[in-house]
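In our numbering, the protein residues as written are 27 to 266. Where is the CB? At the ideal position from N, CA and C, for every residue including glycine. Worksheet: one structure, shown below.
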Ligand code: DC
């Protein structure tokens, strides 16, 4: 029997992980990347990076049609790249030479990013960056449309979800443990609102690709999920 080794997985595959917000996609994707020697690409970070760039230039809505042209011009001069952070193989997002990893996680950016992610010009811009990463292969990407739009031929597609109340509870706990003020009902409303926006926007809405494996982690620990993926990679590519 021919057994593939880690480095063969590394060269060959693209893993696309899509799903609802706050399902732990990025934690899962990072753990897979680190375990199997793949490159992790956080596609949501790029939408956040575009949002930060636009907000800094005073573009906060598209009620005024000239804002679209302004954004298009801005994107043609915007260079967003991931660079290794030096910690656990993780990477950080840089904008025109500035590390913006922290800025893209602020409430201001989080509150505005869905508007930008719904704009076709923004999606085309981000997709072109993602396709460059895909050419190198050996990548794990998480997002909303990776297996449906960006890499419809990905070798492995996973669609992640969890009960909205459990996702809200996890986010609420994270906020409390960071010492932030949080209201569970508000967090739950936000989870439901984001699901609605992701699933109902016109451009590349969130949906499960027909050939995506379904992972509902409502009642799974991180370890359970790793056992699940290791079994799949072993079955599909003979990884032991
Ligand atoms: O996963 P996240 O919260 O960092 O994503 C930020 C935003 O970008 C969120 O509104 C969903 C959107 N997004 C998207 O539309 N397509 C992707 N491939 C990734 C994220």
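Contact check for residue 45 and residue 187: beta-carbon distance about 5 Å, within the 8 Å limit, so the pair qualifies.
In this structure, residue 188 has its beta carbon at no less than 7 Å from each heavy atom of the ligand DC. By alpha-carbon distance to residue 143, the top candidate from 171, 160 and 165 is 171.
Note: residue 45 is bridge-paired with 186 in the DSSP secondary-structure output.
A straight-line Cα-Cα distance of about 25 Å links residue 198 and residue 118. Leaving aside the five residues that flank residue 235 on each side, the residues in its chain whose CB is nearer than 6 Å to its CB run, in chain order, 173, 174 and 183. Assignment of alpha helix (DSSP H) within the region 71-121, counting only whole runs of 4 or more residues, yields 92-102 in chain order. When only Cα atoms are considered, residue 149 and residue 229 end up about 8 Å apart. If you check the CB distance, residue 49 and residue 220 do not come in under 8 Å. Excluding residues up to 5 positions away in sequence, 135, 138, 139 and 142 lie with their Cβ nearer than 7 Å to the Cβ of residue 77 in the same chain. Straight across, the Cα-Cα distance linking residue 204 with residue 71 is about 21 Å. Linking residue 202 to residue 212 through their CA atoms gives a straight-line distance of about 13 Å. Within the same chain, Cβ atoms closer than 6 Å to the Cβ of residue 240 are found at 185, the five residues on either side in sequence being excluded. Rounded to the nearest whole angstrom, the C-alpha separation of residue 108 and residue 166 is 14 Å. As a beta-bridge residue in DSSP terms, residue 40 pairs with 165. In this model, residue 215 and residue 264 are separated by some 43 Å (Cα to Cα). With at least 16 other beta carbons inside 10 angstroms of its own, residue 251 counts as buried.
DSSP places residue 65 inside the beta strand (DSSP E), whose first and last residues are 65-68. In the DSSP assignment, residue 240 forms a beta bridge with 185. A straight line joining the alpha-carbon of residue 100 with that of residue 262 spans about 43 Å.
Per DSSP, residue 134 has no beta bridge partner at all.
Residue state for residue 124 is assigned as strand, using DSSP reduced to three classes. Just so you know, the alpha carbons of residue 190 and residue 225 end up roughly 14 Å apart.
Just measuring C-alpha positions, the residue of 131, 161 and 145 sitting nearest residue 65 is 161. Residue 197 carries a helical assignment under DSSP once its states are collapsed to helix, strand and coil.
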